[in-house]
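Same order as they appear, the protein sequences are chains A and B. All residue numbers for the first sequence refer to this note's numbering, where the first residue is 3 and numbers rise by one. All residue numbers for the second sequence refer to this note's numbering, where the first residue is 15 and numbers rise by one.
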Amino acid sequence: MARIEYPAIVAYFHDGHHLAEVAEATRIKFKKKNMDAYTPYPVHGLEDALGLKRSHVSTVTRYVIVTGWCLGFILQAWTSSVDWATNIGGKPFVSWPAFIPVTFESGILMGGITNLLVMLALCRLYPRPKTLVLDPKLTDDKFALIVPITSGEEESDIVAYLESHGAEDCVVVEGADRQTQEYQMRPAILRTKGVLTHEASPAPAH
Amino acid sequence: MSPELFPKDAPLLSRDIRSADVTDTVLAPMGRWPGVSWYILFGIAKALMLLLFAVVGLQFVIGLGIFSITNPVGWGVYIVNFVFWVGIGHAGTLISAILFIFRQKWRTAINRSAEAMTIFAVMTAGIFPLIHVGRSWVAYWLIPYPAERLLWPNFRSPLLWDVFAVTTYLTVSLLFWYQGLIPDWATARDRAKNKIFKTIYSLLSFGWTGSVRDWNHYERGYAQFAWISAPLVLSVHSIVSFDFAVSLIPGWHTTFFPPYFVAGAVFSGFAMVVTLLVIMRKVFQMEHLITIRHLEYMNKIILTTSMLVSYAYITEFVIAWYSGHQSEQYAFYNRAFGPYGWAFWVMFICNAVIPHAFWWKSIRTSLGAMFVISIFVNIGMWFERFNIVMSLHRDFLPASWGEYIMTPYDYAITAGGFGLFFTLFLLFCRTFPTIAIGEMKTTLPNPSGTHGHGHGHGSHHEKGHHAPAAGHATPAHTGAH
Numbered sequence: 003m004a005r006i007e008y009p010a011i012v013a014y015f016h017d018g019h020h021l022a023e024v025a026e027a028t029r030i031k032f033k034k035k036n037m038d039a040y041t042p043y044p045v046h047g048l049e050d051a052l053g054l055k056r057s058h059v060s061t062v063t064r065y066v067i068v069t070g071w072c073l074g075f076i077l078q079a080w081t082s083s084v085d086w087a088t089n090i091g092g093k094p095f096v097s098w099p100a101f102i103p104v105t106f107e108s109g110i111l112m113g114g115i116t117n118l119l120v121m122l123a124l125c126r127l128y129p130r131p132k133t134l135v136l137d138p139k140l141t142d143d144k145f146a147l148i149v150p151i152t153s154g155e156e157e158s159d160i161v162a163y164l165e166s167h168g169a170e171d172c173v174v175v176e177g178a179d180r181q182t183q184e185y186q187m188r189p190a191i192l193r194t195k196g197v198l199t200h201e202a203s204p205a206p207a208h
Numbered sequence: 015m016s017p018e019l020f021p022k023d024a025p026l027l028s029r030d031i032r033s034a035d036v037t038d039t040v041l042a043p044m045g046r047w048p049g050v051s052w053y054i055l056f057g058i059a060k061a062l063m064l065l066l067f068a069v070v071g072l073q074f075v076i077g078l079g080i081f082s083i084t085n086p087v088g089w090g091v092y093i094v095n096f097v098f099w100v101g102i103g104h105a106g107t108l109i110s111a112i113l114f115i116f117r118q119k120w121r122t123a124i125n126r127s128a129e130a131m132t133i134f135a136v137m138t139a140g141i142f143p144l145i146h147v148g149r150s151w152v153a154y155w156l157i158p159y160p161a162e163r164l165l166w167p168n169f170r171s172p173l174l175w176d177v178f179a180v181t182t183y184l185t186v187s188l189l190f191w192y193q194g195l196i197p198d199w200a201t202a203r204d205r206a207k208n209k210i211f212k213t214i215y216s217l218l219s220f221g222w223t224g225s226v227r228d229w230n231h232y233e234r235g236y237a238q239f240a241w242i243s244a245p246l247v248l249s250v251h252s253i254v255s256f257d258f259a260v261s262l263i264p265g266w267h268t269t270f271f272p273p274y275f276v277a278g279a280v281f282s283g284f285a286m287v288v289t290l291l292v293i294m295r296k297v298f299q300m301e302h303l304i305t306i307r308h309l310e311y312m313n314k315i316i317l318t319t320s321m322l323v324s325y326a327y328i329t330e331f332v333i334a335w336y337s338g339h340q341s342e343q344y345a346f347y348n349r350a351f352g353p354y355g356w357a358f359w360v361m362f363i364c365n366a367v368i369p370h371a372f373w374w375k376s377i378r379t380s381l382g383a384m385f386v387i388s389i390f391v392n393i394g395m396w397f398e399r400f401n402i403v404m405s406l407h408r409d410f411l412p413a414s415w416g417e418y419i420m421t422p423y424d425y426a427i428t429a430g431g432f433g434l435f436f437t438l439f440l441l442f443c444r445t446f447p448t449i450a451i452g453e454m455k456t457t458l459p460n461p462s463g464t465h466g467h468g469h470g471h472g473s474h475h476e477k478g479h480h481a482p483a484a485g486h487a488t489p490a491h492t493g494a495h
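Structure below.
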């Protein structure tokens with residue numbers, strides 16, 4: 003669960019590829035480095051559009067697989083030749099071809115477990131009874147672009163830019179309440195005839 | 015069937031399917047009580063599962079003697095069932111890993127249920143060697159750990175290789191499957207109305223929110239899992255085949271057992287997936303997501319692997335003849351014309367003859383025909399393992415020959431294995447997202463209901479701008495926060 007840098011604009015889209023195009027343009031135009039996006043499924047090219055680096059999950063896994071192979075082989079060789087050397091069918095104590103299946107599986111087992119744990123750790127995922135969710139539709143069919151902002155001026159410029167490029171709706175997230183596990187949202191600041199004003203308060207949906 | 019029914023350039027899934035439709039369809043069975051037919055099927059499956067547990071309990075009390083395993087057939091129905099279920103468990107990881115590597119997008123409709131099937135089949139398979147060791151309560155001695163007995167397992171034994179292969183396969187398949195489930199639990203969580211379900215799904219989803227930073231790690235991890243699982247899936251049935259091939263018994267001692275077993279495993283696994291999906295897509299109204307074309311692709315794989323196993327059957331006979339080894343030649347003569355010759359011909363007709371019906375497109379795309387053929391394939395593959403294990407009944411010396419006569423207990427644990435598998439699968443159908451929702455959405459031709467991806471900026475104003483003054487929209491959903 004990635005953390006949002008508050009305050010940040012949340013701009014909703016209903017098409018992932020459209021969001022990727024707008025995200026890249028926004029990142030370049032406003033020189034943003036810490037943007038994020040929420041999508042219901044992986045959108046091809048969105049990592050590049052946001053300037054994210056390639057994940058290191060698989061690099062870690064590969065080192066662990068090789069380590070697992072070494073440990074698996076050492077376990078077999080040590081137990082059958084040093085710790086309790088047993089003559090089985092007149093074979094050498096370290097009859098390495100017979101050790102290959104267990105060696106292979108040891109590496110795969112350790113690599114597989116590591117792969118998931120590293121992924122969960124890098125994403126800070128762990129079981130929690132309540133999850134902070136910006137909008138329940140973000141895991142269904144909506145997409146959100148998150149643009150952290152530093153000033154009201156900047157906020158109104160970016161909101162205007164996003165809305166003119168097809169964002170359906172923009173709000174600002176100011177923080178999260180740890181007690182209730184809910185985001186604190188407010189309407190975006192807009193520039194009307196050169197004056198910054200708050201957007202009209204939205205009518206409660208329920 | 016006319017060729018224009020499925021034009022080659024048509025998308026696999028209808029352009030009318032939206033992302034939200036996928037979510038609705040897949041999550042619908044999780045939110046309602048099952049129908050009467052589910053309870054009937056579940057009752058039968060659970061009764062058979064309890065039969066399995068009862069027989070295993072009886073075996074613990076009385077001993078292995080209640081089965082007909084004795085010399086010369088010391089393995090019997092346990093190993094037949096073990097190899098059969100491990101084989102069934104090969105389709106899931108093949109679909110999720112190898113088809114992923116080859117970028118076969120049609121896998122997204124079937125991978126979740128096939129992986130679940132894999133896990134349940136491997137769990138079922140694991141029961142049989144565990145009870146076959148006799149003193150199952152000390153089965154943990156198979157794990158190498160520094161015990162007070164100071165002894166280590168014999169790492170040169172193929173049976174120990176099995177322990178490593180099957181446990182690794184179960185663990186890695188389970189983790190791979192769970193990683194795929196995390197975004198789907200999040201979808202279920204965000205739609206749940208009931209507070210208890212929302213909490214359960216929140217715990218299961220590990221706090222997944224769908225951030226691109228998370229998707230970045232997720233996708234690398236998922237691809238890496240596929241690359242780990244692809245050699246793993248090939249290694250597991252190869253190692254299972256070493257149980258036989260590393261011995262010196264005529265009919266077992268052949269070098270081509272590993273590819274032969276892997277092909278057979280894929281063959282039976284895909285047949286089981288077809289059997290289950292033909293029913294599941296109907297019951298859960300998923301016909302638009304798991305289309306006839308998905309099933310047709312699987313039938314093509316069944317046809318291909320059928321020819322691979324047929325080739326293996328013929329090779330076995332040719333090599334036995336060519337070897338000039340009397341015991342080897344007799345083992346195969348006896349397999350086809352001996353006391354268990356009927357089992358050989360059941361296998362041969364089910365596996366090498368009947369699947370050839372899939373050459374006809376009308377049969378490949380007929381639900382009834384593929385259902386019947388997939389069941390024939392499963393029967394045939396059970397008998398293939400039966401034939402191989404029964405090679406023991408006549409080995410080198412006629413003085414040591416004997417026969418394996420199935421007792422009611424043998425039949426009971428065989429039926430019980432199916433009971434355990436179907437109990438788990440039926441529970442899965444009602445409580446898990448049975449299709450990978452997120453992955454499915456990536457393969458929709460038109461997920462958002464717009465036309466194509468190459469649109470310019472600002473072309474999405476149908477819903478976006480309610481108010482004419484740019485940006486002054488007050489959409490209803492912001493009120494929810």
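Every residue, glycine too, gets a C-beta built ideally from N, C-alpha and C.
Q: Could you list the residues in the region 94-120 of chain A with a C-beta less than 8 Å from some C-beta on chain B, going in chain order?
A: Ser97, Ala100, Phe101, Pro103, Val104, Phe106, Glu107, Ser108, Ile110, Leu111, Gly113, Gly114, Ile115, Asn117, Leu118, Val120
**Q.** Terminal residues of the alpha helix (DSSP H) in which tyrosine 336 of chain B lies
**A.** Looking up residue 336 of chain B in the second sequence gives position 322. Counting along the chain, the alpha helix (DSSP H) containing tyrosine 336 of chain B begins and ends at 306-337.
Q) At least one CB of chain A closer than 8 Å to the CB of lysine 547 of chain B: is that the case? A) This structure cannot speak to residue 547 of chain B, because chain B is shown only from 15 to 495.
Q) Quick one: what's got a C-beta closer than 7 Å to glycine 466 of chain B's C-beta in the same chain, skipping five residues either side? A) The residue you call residue 466 of chain B lines up with position 452 of the second sequence. In this prediction, glycine 466 of chain B scores a pLDDT of 46, lower than 50, which makes its location untrustworthy; no coordinate-derived value is stated.
Q | Spatial distance of threonine 39 of chain B from methionine 300 of chain B (CA atoms) | A | Counting from 1 along the second sequence, the entry for residue 39 of chain B is found at position 25. Counting from 1 along the second sequence, the entry for residue 300 of chain B is found at position 286. C-alpha separation (whole angstroms): 7 Å.
(Q) Check whether chain B comes within 8 Å of serine 82 of chain A, counting only Cβ atoms and requiring the distance to be less than that. (A) What you label residue 82 of chain A is simply residue 80 of the first sequence in a count that begins at 1. By the rule that beta-carbons nearer than 8 Å mark a contact, serine 82 of chain A touches chain B.
Q.
Going by C-alpha to C-alpha distance, which of B:Val75, B:Ile315, B:Ala130 sits closest to leucine 195 of chain B?
A. Numbered from 1 along the second sequence, position 181 holds the residue referred to as residue 195 of chain B. For leucine 195 of chain B, the nearest C-alpha among the options comes from B:Ala130.
Q: Name, please, each residue of chain A whose Cβ falls closer than 7 Å to the Cβ of glutamine 238 of chain B.
A: Taking the first residue of the second sequence as position 1, residue 238 of chain B is located at position 224. Within 7 Å Cβ-Cβ: Val59, Ser60, Thr63, Asn117.
Q | Partner residues on chain B for leucine 48 of chain A, Cβ-Cβ distance less than 8 Å | A | Counting from one through the first sequence, the residue named residue 48 of chain A turns up at place 46. Result: Val226, Trp229.
Q.
Between arginine 180 of chain A and chain B, is any beta-carbon pair separated by less than 8 Å?
A. One-based indexing of the first sequence puts residue 180 of chain A at position 178. So no, arginine 180 of chain A is outside the interface.
Q: Use the C-beta contact count for alanine 450 of chain B: other C-beta atoms within 10 angstroms, 16 or more gives buried, fewer gives exposed.
A: Taking the second sequence and counting its residues from 1, one reaches residue 450 of chain B at position 436. By the neighbour-count rule (16 or more Cβ atoms within 10 Å), alanine 450 of chain B is buried.
Q. What did DSSP end up calling proline 150 of chain A once you bin it into helix, strand or coil?
A. Within the first sequence, the letter at position 148 stands for residue 150 of chain A. Strand, per DSSP.
Q) Are the Cβ atoms of glycine 433 of chain B and leucine 65 of chain B separated by less than 8 Å? A) By 1-based counting over the second sequence, the position of residue 433 of chain B is 419. By 1-based counting over the second sequence, the position of residue 65 of chain B is 51. In this structure, leucine 65 of chain B lies closer than 8 Å to glycine 433 of chain B by Cβ.
**Q.** Outcome for proline 160 of chain B when other beta-carbon atoms lying within 10 angstroms are tallied against a minimum of 16
**A.** Start at 1 with the first residue of the second sequence, and residue 160 of chain B comes out as number 146. Exposed: under 16 other Cβ atoms inside 10 Å.
Q) So which of B:Gly106, B:Ala123, B:Lys207, B:Leu458 has the shortest CA-CA distance to valine 186 of chain B? A) The residue labelled residue 186 of chain B in the question sits at position 172 within the second sequence. Among B:Gly106, B:Ala123, B:Lys207, B:Leu458, the Cα nearest to that of valine 186 of chain B is on B:Gly106.
Q) Measuring CB to CB, does glycine 90 of chain B end up less than 8 Å from alanine 139 of chain B? A) Position 76 of the second sequence, counted from the first residue, corresponds to residue 90 of chain B. Position 125 of the second sequence, counted from the first residue, corresponds to residue 139 of chain B. No, Cβ-Cβ distance for glycine 90 of chain B and alanine 139 of chain B is not below 8 Å.
Q | Distance, leucine 189 of chain B Cα to valine 178 of chain B Cα | A | Locating residue 178 of chain B in the second sequence gives position 164, where the first residue counts as 1. Locating residue 189 of chain B in the second sequence gives position 175, where the first residue counts as 1. Inspection of the sequence shows that residue 178 of chain B is occupied by phenylalanine rather than by valine. Rounded to the nearest angstrom, the two C-alpha atoms are 16 Å apart.
Q | Distance, phenylalanine 439 of chain B Cα to serine 261 of chain B Cα | A | The sequence position of residue 261 of chain B within the second sequence is 247, counting from 1. The sequence position of residue 439 of chain B within the second sequence is 425, counting from 1. So the two alpha carbons sit approximately 35 Å from each other.
Q: Name the one or two DSSP bridge partners that aspartate 179 of chain A has.
A: Residue 179 of chain A sits at position 177 when you count from the first residue of the first sequence. The bridge partners DSSP lists for aspartate 179 of chain A are A:Glu184.
Q: Pick out the complete alpha helix (DSSP H) segments inside the region 46-72 of chain A, 4 residues or longer, and give them in chain order.
A: 48-51
**Q.** Beta-carbon contacts of histidine 267 of chain B that lie in its chain and below 7 Å, excluding the five residues immediately before and after
**A.** Reading the second sequence from its first residue, position 253 is the one you call residue 267 of chain B. Excluding sequence neighbours, histidine 267 of chain B sits near Ala259, Ser261.
Q: Pick helix, strand or coil for serine 225 of chain B, following the three-state DSSP scheme.
A: Here residue 225 of chain B is taken as the residue at index 211 of the second sequence, counted from 1. Strand.
Q. Phenylalanine 145 of chain A by DSSP, collapsed to three states: which one?
A. The residue given as residue 145 of chain A occupies position 143 in the first sequence. In the structure shown, phenylalanine 145 of chain A falls within a strand segment according to DSSP collapsed to helix, strand and coil.
(Q) Distance cutoff 8 Å, beta carbons only. Does threonine 133 of chain A sit that close to anything in chain B? (A) Numbered from its first residue, the first sequence carries residue 133 of chain A at position 131. Yes, its Cβ sits closer than 8 Å to a Cβ of chain B.
Q.
Output needed in chain order: residues of the region 158-174 of chain A with a Cβ under 8 Å from some Cβ in chain B.
A. Val161, Ala162, Glu165, Ser166, His167, Gly168, Ala169, Glu170, Asp171, Cys172, Val173
Q. Taking the C-alpha atoms as reference points, what is the distance between valine 104 of chain A and glutamine 78 of chain A?
A. By one-based count along the first sequence, residue 104 of chain A stands at place 102. By one-based count along the first sequence, residue 78 of chain A stands at place 76. Looking at the two C-alpha atoms, the distance is approximately 8 Å.
(Q) Bridge partners for tyrosine 40 of chain A per DSSP, in chain order? (A) One-based indexing of the first sequence puts residue 40 of chain A at position 38. In the DSSP output, where bridge partners are listed per residue, tyrosine 40 of chain A has A:Ala146, B:Ser225.
Q. Looking only at C-alpha atoms, which of B:Ala111, B:Tyr425, B:Asn168 sits nearest to phenylalanine 95 of chain A?
A. In the first sequence, counting from the first residue as 1, residue 95 of chain A sits at position 93. Closest by C-alpha distance to phenylalanine 95 of chain A, out of B:Ala111, B:Tyr425, B:Asn168, is B:Asn168.
Q) Can you find a C-beta in chain A that's less than 8 Å from the C-beta of alanine 34 of chain B? A) Residue 34 of chain B sits at position 20 when you count from the first residue of the second sequence. Chain A contact via Cβ: present.
Q | Which residues DSSP lists as bridging tyrosine 14 of chain A, in chain order | A | The residue given as residue 14 of chain A occupies position 12 in the first sequence. According to DSSP, which records beta bridges pairwise, tyrosine 14 of chain A is partnered with A:Ala146, A:Asp171.
Q) Relative to the C-alpha of proline 189 of chain A, which residue among A:Asp179, A:Tyr163, A:Glu157, A:Ala100 is closest? A) On the first sequence, residue 189 of chain A is found 187 positions in, with the first residue counted as 1. Checked all of A:Asp179, A:Tyr163, A:Glu157, A:Ala100; the closest Cα to proline 189 of chain A is A:Glu157.
Q) Quick one: does glutamine 193 of chain B have its CB under 8 Å from some CB of chain A? A) Taking the second sequence and counting its residues from 1, one reaches residue 193 of chain B at position 179. Judged by the 8 Å Cβ criterion, glutamine 193 of chain B is in contact with chain A.
**Q.** Top-ranked residue by Cα proximity to valine 12 of chain A, from A:Asp179, A:Arg180, A:Glu165
**A.** On the first sequence, residue 12 of chain A is found 10 positions in, with the first residue counted as 1. Per the Cα distances, A:Glu165.
Q. Under three-state DSSP, which class holds proline 189 of chain A?
A. For the purposes of this step, residue 189 of chain A is taken as residue 187 along the first sequence, with counting starting at 1. Three-state result, proline 189 of chain A: strand.
Q: Quick one: give me the first and last residue of the alpha helix (DSSP H) that glycine 382 of chain B is part of.
A: By 1-based counting over the second sequence, the position of residue 382 of chain B is 368. Unbroken alpha helix (DSSP H) run through glycine 382 of chain B: 381-403.
Q: Rounded to whole angstroms, what's the CA-CA distance from proline 150 of chain A to isoleucine 6 of chain A? Just pull it up for me.
A: The residue given as residue 150 of chain A occupies position 148 in the first sequence. The residue given as residue 6 of chain A occupies position 4 in the first sequence. In a straight line, the C-alpha of proline 150 of chain A is about 8 Å away from that of isoleucine 6 of chain A.
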